[in-house]
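Below you'll find the structure, written out as structure tokens, and then a few comments.
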Amino acid sequence: MPLLGADMTAGRLVAWHKQPGDVVQRGDIIAEVDTDKGAIDVEVFTAGVLEQILVQPGEKVPVGTPLAIIRETAEAPPAPPAAPAAPAPAPTGPGAAEVRARVSPAARKAAAALGVDLATVRGAGPDGTIRRADVERAAAAPGAAAPPGEPDRQARMRQAISAAVTRSKREIPHYYLSTTIDLHRATAWLAEQNATRPVGDRLLAGVLFVKAVALALRHAPELNARWEGDQVVPSEAIHVGVAISLRDGGLVAPALHHADRQTLDELMATFRDLVNRARAGALRSSELSDGTITVTSLGDQGVETTFAVIYPPQVAIVGFGKVVERPWSVDGRVESRPVVTATLSADHRVSDGHRGALFLAAVDALLQEPSRL
Amino acid sequence: MTREEVRQAVLRILGSIAPEADLTRLDPDVPFRDQLDIDSMDVLNFFVALDKDLHVDVAEADYAKVSTLNACVEHVTAALAGRGRNGRPRA
């Protein structure tokens with residue numbers, strides 16, 4: 015059972031997508047587990063043959079419990095139990111997403127409450143989307159399962175968030191910095207780009223923010239790390255987690271892998287895919303476990319400044335607020351300029367305010383040259 | 203498409219974007235972003251769906267003009283009425 019959050023202790027096996035005897039490749043989705051973060055697709059991190067299933071659908075097991083045994087390719091003796099918690103890069107981009115039925119959050123919530131296996135539900139919504147009514151109809155059908163008698167997923171997610179932020183505030187000495195960034199070049203560049211693009215290829219400002227953070231981290235490696243035990247473990251790879259609110263409450267922060275190496279178009283496609291899959295309950299295990307820093311924004315909700323709580327074991331989180339027009343001094347004149355407030359919450363055990371300030375200055379500088387992002 | 207058919211199509215798209223919303227309570231003259239819990243990605247997905255389902259590509263500069271249900275239906279209906287023989291809106 016993979017560890018998909020700092021305070022996750024157990025998960026329930028929902029379904030197997032591979033059967034004993036099936037050949038599996040690295041990155042294949044072999045199972046679906048139900049966690050406090052919702053339904054997560056479990057990837058396999060080795061190539062071979064699925065030899066034995068150790069946990070049956072419906073069973074709830076502690077984190078770290080082997081789910082299956084995979085015999086690795088070209089290996090004579092049986093391989094040790096698979097360890098699905100091991101991190102590995104996930105395929106990115108919409109094309110890599112598993113083709114699966116879309117499930118509305120309300121339907122997923124109803125399925126959990128009513129004990130309905132979504133694999134048995136036929137969606138009557140647009141493009142086969144499973145809606146709440148479809149689940150309720152399935153629950154009313156003869157032979158439908160009884161309610162499991164546990165707190166629903168929304169309540170469990172609240173508990174998981176509560177545990178994570180309490181731990182964060184208890185163990186991590188946060189320090190906070192903020193800066194206001196002039197976005198007139200970035201917004202003008204974005205408008206110019208989007209004016210020539212078909213709607214499906216347009217960029218959001220949030221993608222520029224993520225890319226600027228990712229590139230700035232190359233010069234502030236102490237912010238791109240994990241706190242493990244009693245020491246910091248720097249990460250060479252830059253996997254930016256993006257906080258995504260879920261429709262029935264709670265949030266997840268799946269990672270945009272190697273965000274510093276992706277073009278803006280690639281990042282946009284991956285980001286859009288992540289948001290859609292997060293809300294459909296179709297994230298992959300590595301996406302939840304690999305983040306090395308998180309970016310959060312409440313600008314869409316009208317907030318101008320976000321002082322976020324670090325998501326352990328990460329050591330920093332960057333917040334962006336709403337893009338607003340503000341008076342701005344330019345060469346001795348006052349102009350109206352679009353600006354955004356960027357904040358850094360960082361772990362003082364790992365970095366100091368001086369380095370944090372340089373990091374925010376780097377983010378600012380990068381956003382002044384959007385065409386180079 | 204008639205105006206009512208466009209209205210139903212727009213509501214269907216909004217329903218897919220915000221499945222938890224009770225669209226029967228949507229005020230057609232108030233920006234739906236103020237009434238539904240949707241973000242920038244949802245808005246983008248809404249316009250992507252408009253293009254996919256109704257073949258109307260709303261320019262980003264016009265997003266603000268179609269922020270309410272009524273304004274959106276009006277804009278899409280007008281675009282479809284101005285559609286050329288190639289099936290794409292002229293404006």
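Residue numbers (this note's numbering), protein chains in the order written: chain A, 15 to 387; chain B, 203 to 293.
In this text, a Cβ means the ideal position worked out from N, Cα and C, and glycines have one as well.
- Among the residues facing chain A, F249 of chain B is included, as its CB has a counterpart in that chain under 8 Å away.
- Close partners of L246 of chain B in chain A (Cβ separation under 7 Å): R216 and L218.
- For D345 of chain A, the number of other beta carbons within 10 angstroms of its own is below 16, and it is reported as exposed.
- Listed in chain order, the positions of the stretch 274-293 of chain A with a beta carbon within less than 7 Å of a beta carbon of chain B are R286 and V289.
- Straight across, the Cα-Cα distance linking A269 of chain A with V256 of chain A is about 6 Å.
- Less than 8 Å separates the beta-carbon of V232 of chain B from that of T270 of chain B.
- According to DSSP, L270 of chain A shares a beta bridge with A:V254.
- By DSSP's assignment, T49 of chain A forms a beta bridge with A:G52.
- Look at R216 of chain A here: in three-state DSSP terms it is coil, with no helix or strand label.
- What D314 of chain A touches in chain B, judged by beta-carbon distance under 7 Å, is D241 and S242, going in chain order.
- When C-beta distances to chain B are compared with 8 Å, the residues of the stretch 182-214 of chain A below that value are A205, N208, A209, P212, V213 and G214, in chain order.
- The DSSP assignment places no complete beta strand (DSSP E) segment of no fewer than 3 residues inside the stretch 222-248 of chain B.
- Each of A:I144, A:D196 and A:G367 was checked against the Cα of G217 of chain B, and the nearest Cα belongs to A:I144.
- Look at H188 of chain A here: in three-state DSSP terms it is strand.
- Here DSSP, grouped into helix, strand and coil, assigns G35 of chain A to coil.
- By the criterion of at least three beta-carbon pairs nearer than 8 Å, the stretch 218-233 of chain A is in contact with the stretch 196-205 of chain A.
- Exclusion of the five residues before and after R205 of chain B leaves V275 and T279 as the residues of its chain whose Cβ lies within less than 7 Å of its Cβ.
- Distances from the alpha-carbon of V377 of chain A to those of A:L229, A:A61, A:T79 and A:G137 put A:L229 closest.
- In this structure, DSSP gives E280 of chain A a helical state, which the three-state scheme calls helix.
- Around the beta-carbon of L380 of chain A, 16 or more other beta-carbon atoms lie within 10 Å, marking it buried.
- Counting only unbroken stretches of 3 or more residues, the beta strand (DSSP E) elements lying wholly within the stretch 282-356 of chain A are 307-311, 330-334 and 338-344, in sequence order.
- Ranked by Cα distance from V289 of chain A, the first of B:K254, B:M243 and B:E222 is B:M243.
- Going by DSSP, A82 of chain A is part of the beta strand (DSSP E) stretching over A82 to E86.
- For D262 of chain A, at least one C-beta of chain B is nearer than 8 Å to its own C-beta.
- Annotation: Cβ neighbours of D259 of chain B in chain A (cutoff 7 Å, chain order): P212 and V213.
- Within chain A, the residues P212, V213 and G214 have their CB atoms less than 9 Å from the CB of D253 of chain B, given in chain order.
- Boundaries of the alpha helix (DSSP H) harbouring E206 of chain B: R205 to I219, taken from the DSSP string.
- In this structure, the straight-line span from the alpha carbon of A251 of chain A to that of L18 of chain A is close to 18 Å.
- Counted as a single uninterrupted DSSP element, the beta strand (DSSP E) harbouring E65 of chain A occupies residues G62 to I67.
- Taking a C-beta distance under 8 Å as the contact criterion, E46 of chain A and D55 of chain A qualify as a contact pair.
- Against A263 of chain B, the close residues of chain A are A205 and A209, in the order they occur along the chain (beta-carbon pairs closer than 8 Å).
- Taken atom to atom, the span from the alpha-carbon of V329 of chain A to that of L297 of chain A is near 23 Å.
- Residue contact with chain A for E222 of chain B: present (Cβ-Cβ distance below 8 Å to some residue of chain A).
- If you ignore the 5 residues before and after L237 of chain A, its C-beta comes within less than 8 Å of the C-beta of L231, I307, V329, A330, L358, A360, V364, S365, R369, G370 and F373, all in its own chain and listed in chain order.
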